[in-house]
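Student: Counting in the numbering used here, the sequence shown runs from 2 upward without gaps.
All C-beta atoms, glycine included, are put in the ideal place defined by N, C-alpha and C.
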Amino acid sequence: MPTPTLSKPLYRIAECPDLMADACIADDRNGLVFLSIWARDTAIQEFLARLTLGHDEAGLDRFHIIPEQGDGVPVFVGNVDNLEKRTTRAYRRTLFGAIVHLWLFDRRCVRPDKANATALALLPGLSLHRRERLWALVRETCPLPLLDHWRDTVLDLLYAQEMLGRLPFALGPLEGHRLAIDVPALTTALGSLIRSGELAIDEHRASFGPPLLRVA
Numbered sequence: 002m003p004t005p006t007l008s009k010p011l012y013r014i015a016e017c018p019d020l021m022a023d024a025c026i027a028d029d030r031n032g033l034v035f036l037s038i039w040a041r042d043t044a045i046q047e048f049l050a051r052l053t054l055g056h057d058e059a060g061l062d063r064f065h066i067i068p069e070q071g072d073g074v075p076v077f078v079g080n081v082d083n084l085e086k087r088t089t090r091a092y093r094r095t096l097f098g099a100i101v102h103l104w105l106f107d108r109r110c111v112r113p114d115k116a117n118a119t120a121l122a123l124l125p126g127l128s129l130h131r132r133e134r135l136w137a138l139v140r141e142t143c144p145l146p147l148l149d150h151w152r153d154t155v156l157d158l159l160y161a162q163e164m165l166g167r168l169p170f171a172l173g174p175l176e177g178h179r180l181a182i183d184v185p186a187l188t189t190a191l192g193s194l195i196r197s198g199e200l201a202i203d204e205h206r207a208s209f210g211p212p213l214l215r216v217a
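1) Please report the distance separating the alpha-carbon of residue 49 from that of residue 191.
2) For residue 146, is the classification buried or exposed, using 16 other Cβ atoms within 10 angstroms of its Cβ as the cut-off for buried?
3) Can you tell me whether residue 113 is buried or exposed? The criterion is at least 16 other CB atoms within 10 Å of its CB, across all chains shown.
4) Under three-state DSSP, which class holds residue 181?
5) Could you tell me the distance, in whole angstroms, from the CA atom of residue 19 to the CA atom of residue 12?
6) According to DSSP, what are the bridge partners of residue 164?
7) If you drop the 5 nearest sequence neighbours on each side, which residues of the same chain put their C-beta closer than 6 Å to that of residue 120?
8) Decide if the segment 75–93 is in contact with the segment 31–44; the criterion is three or more beta carbon pairs, one per stretch, under 8 Å apart.
9) Please classify residue 73: does DSSP put it in a helix, a strand, or coil?
10) Can you tell which of 105, 203, 140 has the C-alpha that lies nearest to the C-alpha of residue 115?
11) Are the beta-carbon atoms belonging to residue 27 and residue 174 less than 8 Å from one another?
12) Which word fits residue 37, buried or exposed, when buried means at least 16 other C-beta atoms lie within 10 angstroms of its C-beta?
13) Per DSSP, which residues does residue 104 bridge with? Please list them.
14) Three-state secondary structure (DSSP) at residue 25?
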């Protein structure tokens with residue numbers, strides 16, 4: 002994850018006026034994937050407590066983040082047990098006391114769910130190493146053996162079959178990616194590519210040579 006800085010744009014959270022966010026990523030259902038916020042320690046602790054409370058107790062199951070233009074975007078918290086947090090006291094001497102920086106994120110951002118072959122990736126926007134980072138995540142998450150020189154073919158396949166894609170909502174300097182591997186479908190597709198010669202066991206073999214493997 003990147004080093005935080007307050008020089009980037011800050012976004013308000015409608016339900017928590019004492020908090021300011023510098024990054025937020027949500028999935029295709031507006032579910033929270035990553036949130037980076039700044040505030041005094043008391044405001045941070047109040048926000049975290051409200052995430053665990055019911056609606057009748059002033060709890061938060063969603064919040065609205067205000068972009069630079071347009072209306073507030075609802076972000077749904079989901080199961081807080083699936084979230085992890087990191088905090089640091091970034092600015093200790095201000096007129097308002099110590100300022101705390103909180104990262105709140107889906108645990109799959111740091112540990113793939115190998116049992117379900119799913120994972121999330123947070124990358125710097127316009128990263129020059131996006132495919133390398135995503136390929137490393139695919140190999141870590143996928144239960145199938147994948148050779149490194151298959152990278153481009155397999156990534157293109159995952160994109161085409163919507164097993165890998167960029168998350169639709171991102172504010173700030175990061176972008177999010179979701180990996181959800183359909184293992185049976187990928188097994189079938191890889192088998193076809195190997196039999197056709199498009200995927201070779203030998204890195205230096207021609208892409209469309211004779212079949213390398215025959216399955217009875």
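Tutor: Taking the geometry as given:
1) 44 Å
2) exposed
3) buried
4) strand
5) 11 Å
6) According to DSSP, residue 164 bridges with nothing at all.
7) 109, 113, 138, 142, 180
8) yes
9) coil
10) 140
11) no
12) buried
13) 37, 87
14) strand
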